Amino acid sequence: MSPTLDRPAPAYMQIAEHFRKLIKNGELREGAKLPSVVEIAQGWQVASATAAKALGQLRSEGYVQSNNQGTFVSIAHKQTTGPDRLQMLRATGNGYRPGETAEVVSAELTEADPAVAQALSLAEGSSVIRRRRIYRDDLGVVTVSTSWLPGSFADAAPELLSTEPLPKMTFGLIEERTGRRAVRRRDVVALNPAPAEIATVLGTQPETPFLTMTNLYWDQNGDPTEYAVDFLGTGRELSAEYSLG
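Shown next, in the form of structure tokens:
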């Protein structure tokens, strides 16, 4: 295989990435106005077409919306998988879409099975927190989400073992109590058979294949903080849109 050069990203992609990071980190929150095309062009010393393309890239990815008043952060409408909720939490202070509710159906200490232990870099059988939530909107079940966290988190955040609403979403609570901020993740989308207890919620037979997203999060030190598996409700989909320009 021939070697390839590591070329810098096009200017519009660098500009889009700059604002994308600000949105993900919560420095630009929901409803915040972005600079205009003229302001971006002047500030970055690029052509107006390049500045416009950068904003178009953010629109295509669902981070902003534009109207005759300007371009504004708007990610609350994005599909709310775990990663989306983290972005929404940092950008808006709220990880739920309008009209969406979450019910915590279980929260307990349990033993890590082989898959969970491997994901969290723990010994098999180690104590882990398992939390299961059902997200619903006016169309029904959005997703059934099960997450596992190191059992040691229960010392700093005992609320994780309660089915009562948390004072803030899991990501924020862990960061506040332990200083461990989720900075990296891996997503895996696959079809998986729904276990009996999840199939009941989804209104189907056990072992029926469902679209799933599995997420693994790491903190700033490279240590895993959460492993989660979401079973998407019937008729739900995962989508992404990218500019190929």
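Numbering (full-length UniProt numbering), first residue to last: 1 to 245. Using N, Cα and C, we set each Cβ at its ideal position, and we do this for glycine too. The model shown is predicted, which means the values in this text are computed figures rather than measured ones.
Own chain residues within Cβ distance below 8 Å of residue i, not counting five before or after
i, result
"Leu-191", "Pro-209, Phe-210, Leu-211, Thr-212"
"Leu-122", "Ala-112, Val-116, Val-128, Pro-150"
"residue 246", "Past the boundaries of the shown model lies residue 246; the chain is included only from 1 to 245, so the question cannot be answered."
"Arg-180", "Ile-174, Asp-219, Gln-220, Asn-221, Asp-223, Thr-225"
"Glu-100", "Thr-80, Tyr-135, Arg-136, Asp-137, Val-142"
"Ala-52", "Val-37"
"Gln-167", "Per the sequence presented here, residue 167 reads as Pro, with Gln not at that position. So the list reads Glu-159, Leu-173, once near-sequence residues are dropped."
"Ala-9", "Glu-17"
"Ala-47", "Ala-41"
Residue from the options whose Cα sits closest to the Cα of residue i
i, options, result
"Ala-41", "Ala-54, Gly-233, Tyr-227", "Ala-54"
"Ser-126", "Gly-140, Thr-110, Arg-132, Asp-138", "Thr-110"
"Pro-35", "Lys-24, Ser-66, Ala-196", "Ser-66"
"Gly-26", "Val-183, Phe-153, Ile-198", "Val-183"
"Trp-148", "Arg-131, Lys-24, Gln-220", "Arg-131"
"Val-229", "Val-201, Lys-168, Val-188, Trp-218", "Val-188"
"Leu-120", "Asp-219, Gln-14, Ala-156, Glu-237", "Asp-219"
"Lys-33", "Arg-181, Glu-207, Ser-48, Asn-68", "Asn-68"
"Phe-19", "Pro-8, Gly-62, Ala-47, Ala-157", "Gly-62"
"Thr-152", "Glu-39, Glu-164, Lys-168, Thr-178", "Looking at the sequence provided, one finds Ser at residue 152 rather than Thr. Closest by alpha carbon: Thr-178."
"Thr-204", "Ala-156, Met-13, Arg-186, Gly-235", "Gly-235"
"Arg-186", "Glu-176, Glu-207, Thr-214", "Thr-214"
"Ala-156", "Pro-165, Glu-176, Gly-140", "Glu-176"
Residues that DSSP places opposite residue i in a beta bridge
i, result
"Thr-110", "Val-128"
"Tyr-135", "Ala-102, Thr-143"
"Val-188", "Thr-214"
"Ala-228", "Ser-147, Asn-215"
"Ser-66", "Thr-71"
"Pro-209", "Pro-193"
"Lys-33", "Phe-72"
Beta-carbon proximity check, residue i vs residue j, cutoff 8 Å
i, j, result
"Thr-50", "Ala-11", "yes"
"Arg-136", "Val-142", "yes"
"Leu-216", "Pro-224", "yes"
"Ala-16", "Gln-45", "no"
"Val-73", "Arg-29", "yes"
"Ala-196", "Leu-202", "no"
"Val-144", "Ile-75", "no"
"Thr-163", "Val-105", "yes"
Residue i: CB within 7 Å of a non-hydrogen atom of the ligand PLP
i, result
"Pro-195", "Although the ligand PLP was asked about, the structure shown includes no ligands whatsoever."
Contact set for residue i: own chain, Cβ-Cβ below 7 Å, skip 5 residues either direction
i, result
"Pro-114", "Glu-124"
"Ile-31", "Position check: residue 31 holds Gly in this sequence, whereas Ile was assumed. Contacts found: Phe-72, Val-73."
"Glu-108", "Arg-130, Leu-161"
Cutoff 6 Å; reference residue i; Cβ partners in own chain excluding five residues on either side
i, result
"Ala-102", "Arg-133, Tyr-135"
"Lys-21", "none"
"Glu-207", "Pro-193"
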